[in-house]
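Residue numbers (the numbering used here): 32 to 702.
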RNA sequence: GCGCUCGUAGCUCAAUUGGAUAGAGCGUCGGACUACGAAUCCGAAGGUUGCAGGUUCGACUCCUGCCGGGCGCACCA
């Protein structure tokens, strides 16, 4: 269903064109108005008055004179400096809502249209460290990433969820070495495969030995080498540790309702055998000119081992390989100049060796001594770092052809991402800024199919703090284990439900406390602007009043209860004519119901689910006012009863969509 | 020191990205159950949006400078 905003925008754009000429027929600045003044308002007159040298109010009057909107709105009014205020006609709202209810396809989507141009969007989230138990620090990424993924998918995008787990690295040396000593029979033929009872304990034991026993430590480093050379025993032990960790993570994802499967997991190990070629590609691409004013990067790609689709660099002069070597030499010149004077600004990206490490230097990044700050992609000892892995992952997600011969694990289909979203905490801001800049400098951000630049987003989030305002820890100062946190949430929810509704069956309470407890934790996280830190508080998140998960679930359950009382199923509802919006409360609720698409779109635009939370809460407030003022089951006449039941059903539909489908929070028939 | 980020009611947070008289919840005070779940609702009090300038019709929002908190600043992720 075409949104109200679009309808108004079109009407106003037409009016602007008629009034002032087609060059002014864009962006009429339509916004939802303050309820005190208007349902919607057009704010174009002020800016236009400036451009045209006319009084804004006169501009507003002229717009109205050319405006054809009487079917949708009551006569517009000019207010203040030049606001054009609009009130929707109740009969138009009623008709629209009735259509919304009657059209099954509209109803299941809450009136939200699919995007006209779907994109392939990779969402990278969760990403726990393997071999460590998940803790509260993993919570936000998982919850936010999941809600963002669900929302983008709902809008029609092709969403590729990626769980970029930390499953490869130096710490695995000590873990493998420790496993050897535990005499773990790791071959699959063993009748009972051992399990790691407590990952954290296991990790700590290994870490302690690594720290205190030099011989152990030496052997651990040797184990890393063995693993990297795919030594059978080391590999088997590594698989064993990773599988145990994966089992643990899988349980928690299921408990959380996070839609990540094993198929979505591509961790550091997946990219491991690509790292050396990534470094070489970067060295080559950046030596060639990178983000300079003109680049013949097309040749770099044709020289590349990967067959890439045709790349159109219209207007870019072709350069030959000699020139590339010249650029490399120039880069080395910059490197020498940089070492002579540590504050020489970097004019463009290049790759250089510095203090034994292979680094990408990018314009705009300096360290505390104002010296150029590198993005290190290969350590002095030859090992790779997480930046290398991130770059490899970006290359893979945007460019790499999944059926390329060297690929050992071809995917179902190529991705060629149009957009990539990283949901990680704000402390990694600079890291991702550098990685993204490096990718752009290398021109890896050009989608090989569309030839458009790929949108790279870092959806950052703040820390979870305790009620004392300091990072959320246990009393002994340890990070809070996720499993324990979630268990406590469910227990607390169960206690609250027992207190508030003792009549509920044990089974219903057991099922419900899971949805309520987990939902409370998730909602508390999602309702907050993700960029800020937030204070974790059991009483606040489990409260049944205010903007909380339990309150929204309660609102939903109360609506379902109305239908039980009416002894009616929503599918049995058939409207007699349009819905009736005779009281102010019915009208407010009706308008609110039609604003769901706008809320979903703002989540997409900013990758901020809290906009949807705020919308759903305001919907519940509007419903409460309606519920208080307008009897439903005992409505004065049958038509009004039906009409009000439809308002209930539509509210429930949108709550269900918003909570369950988009935020990943379960809803209950009764609680 | 440099960079990023935040500072809004007693507390926890919003504010449609530059729009009107800055909104909610908790807490406080006062009301509403012989009508659908009171697990709720209605009302009141509570603000120089950290401070000082600037930009313009208009600033919590943008720019500059201070003050205060958090985070980051090359071989960990």
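Ideal Cβ positions, reconstructed from N, Cα and C, are used throughout, including at glycine.
| Check | Outcome |
| --- | --- |
| Residues that DSSP places opposite residue 119 in a beta bridge | 104 |
| Exposure label - residue 431; buried when at least 16 CB within 10 Å | buried |
| Nearest-angstrom beta carbon gap, residue 580 and residue 391 [assumed within contact, 8 Å] | Not a contact, Cβ separation roughly 44 Å. |
| Cβ pair count under 8 Å reaching 3, the region 478-489 against the region 531-546 | no |
| Simplified DSSP state of residue 706, which is helix, strand or coil | Here the chain covers residues 32 to 702 and nothing more, so residue 706 does not appear. |
| Beta-carbon spacing of residue 167, residue 448 below 8 Å | no |
| Same chain, Cβ closer than 8 Å to residue 606, five either side skipped, listed in chain order | 129, 132, 133, 673, 674, 677 |
| Meets three-Cβ-pair contact criterion under 8 Å: the region 494-514 and the region 562-574 | yes |
| Which of helix, strand or coil DSSP assigns to residue 554 | helix |
| Option in 425, 452, 235 with minimal Cα separation from residue 26 | A query on residue 26 cannot be resolved here, the shown segment of the chain reaching from 32 to 702 and no further. |
| Close-in-space but distant-in-sequence residues of the same chain around residue 309 (CB under 7 Å, 5 per side omitted) | 419, 422, 423, 426 |
| The region 260-276 in contact with the region 139-148 per 3-pair CB rule at 8 Å | no |
| Status (buried if at least 16 other CB within 10 Å, exposed otherwise) for residue 93 | buried |
| Own chain partners of residue 644 with C-beta closer than 8 Å, once the 5 adjacent residues on each side are dropped | 554, 557, 558, 578, 694 |
| First and last residue of the uninterrupted beta strand (DSSP E) at residue 190 | 189-193 |
| contact_flag[the region 615-628, the region 649-666] where n(CB pairs < 8 Å) is 3 or more | yes |
| Straight-line gap, residue 122 to residue 76 (C-alpha atoms, nearest Å) | 28 Å |
| Cβ-based neighbour list, residue 541, same chain, cut-off 8 Å, excluding 5 preceding and 5 following | 525 |
| 3-residue-minimum beta strand (DSSP E) runs that sit fully inside the region 118-198, ordered along the chain | 151-155, 189-193 |
| Span of the beta strand (DSSP E), counted from its first residue to its last, around residue 385 | 381-385 |
| Secondary structure of residue 518, DSSP reduced to three states | helix |
| Proximity of residue 661 and residue 614 at Cβ, strictly below 8 Å | yes |
| Under 8 Å between C-beta atoms of residue 382 and residue 450 | no |
| Rounded separation between residue 239 and residue 247 - CA only | 10 Å |
| Beta-ladder partner(s) of residue 73, from DSSP | 61, 115 |
| Where the beta strand (DSSP E) containing residue 36 begins and where it ends | Careful: residue 36 lies outside any beta strand (DSSP E), inside the alpha helix (DSSP H) at 35-51. |
| Distance between residue 174 and residue 190 (C-alpha atoms, nearest Å) | 16 Å |
| Given residue 176 as reference, the closest of 284, 596, 294, 406 once Cα atoms are compared | 284 |
| Strand pairing of residue 561, partner residues [DSSP] | Answer is none; residue 561 lacks a bridge partner. |
| Beta-carbon gap between residue 303 and residue 199 smaller than 8 Å | yes |
| Rounded straight-line distance, which links the Cα of residue 484 to that of residue 102 | 42 Å |
| For residue 489, the three-state DSSP class (helix, strand or coil) | strand |
| Euclidean distance between Cα positions of residue 97 and residue 182 | 38 Å |
| Identified DSSP bridge partners for residue 611 | In the DSSP output, where bridge partners are listed per residue, residue 611 has none listed. |
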